[in-house]
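The numbering used here puts the first residue of the sequence shown at 1317, with every later residue one more than the last.
The C-beta atom is built at its ideal place from N, Cα and C for all residues, glycine as well.
Model, not experiment: these values are computed from the prediction.
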Amino acid sequence: RAEQWTSADQLAYKDHVVDNVLFSDVQTLVATLNFANPQVFLKSKRPPYVENGEVVDPSINATIIEQLLNYYVCELNIKGEIKKALYDALIGMAGYVFTGYAFNKQKVGIDGQIIEVSDGVRSDSPYVMRISPCDIRWEVGILDPSLEKKPWIAIKEVVKLRLRLKYGIKEE
């Protein structure tokens, strides 16, 4: 058995983050935190009631909404996006996931060509996407990574390089 981390190595790197140790720790933590497939369970709080002479059971609506939400959890790849955000949070300061609903895909006109900015977003559907911590801006002087403590945040949006290459658009 080889000795991979000797006491001399520990002294040499005592003030530095060692990549291979960081990688194994992060891999272990992400696997621990993101192990199960997420699933939504709903239960109606209201008992059945009579409306216009008919018995209405709210648990039927809860079951339908539960099935719809579980479909979207799989369809939107929520587990994969949260896994990416976990890597950001464990290696960096914070991880961000953006949820929304796209009525129309955002399009940008560059040099007479129209490019769709968001790759993984379909028109008229909800979406979940990881936002890079480098693309988040907030008020200067606030060091706490919690969004609750920030009076405002902004998300930088850029046209992806692969879309530029796909449409043959050159940077000026």
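Residue i, DSSP secondary structure in three states
i	result
Val1407	Note on identity: in this sequence residue 1407 is Ile, with Val being the wrong assignment. If DSSP states are grouped into helix, strand and coil, Ile1407 belongs with the helices.
Ala1418	strand
Ile1398	helix
Ala1352	coil
Ile1458	coil
Asp1341	helix
Tyr1388	helix
Same chain, Cβ closer than 6 Å to residue i, neighbours up to 5 away in sequence not counted
i	result
Arg1453	Ala1470
Own chain partners of residue i with C-beta closer than 7 Å, once the 5 adjacent residues on each side are dropped
i	result
Leu1402	Val1346, Leu1349, Asn1350 and Gly1411
Arg1317	For Arg1317, the pLDDT reaches just 47, beneath the cut-off of 50, and the residue's location in the model is therefore unreliable, although a value from the coordinates is still provided. So the list is empty, once near-sequence residues are dropped.
Tyr1329	none
Ala1405	Gly1411
Leu1459	none
Residue environment, residue i, which counts as buried when at least 16 other CB atoms sit within 10 Å
i	result
Val1371	exposed
Ile1380	exposed
Lys1361	exposed
Val1337	exposed
Phe1465	The residue asked about is misnamed: residue 1465 is Lys in this sequence, not Phe. Classification for Lys1465: exposed.
Lys1472	exposed
In DSSP terms, what residue i is bridged to
i	result
Ile1447	Tyr1412
Glu1370	Glu1367
Ser1441	Ala1418
Arg1453	Ala1470
CB-CB length for residue i against residue j, believed under 8 Å
i	j	result
Glu1391	Leu1358	Going by Cβ atoms, the distance from Glu1391 to Leu1358 rounds to 18 Å, so no, they are not a contact pair.
Gly1408	Pro1374	Between Pro1374 and Gly1408 the Cβ distance is about 43 Å, and since that is not below 8 Å, they are no contact.
Pro1354	Lys1395	6 Å
Beta-carbon proximity list for residue i, same chain, < 8 Å, skipping 5 on both sides
i	result
Ser1441	Tyr1417 and Ala1418
Glu1397	Val1413, Val1444, Met1445 and Arg1446
Trp1468	Trp1454 and Glu1455
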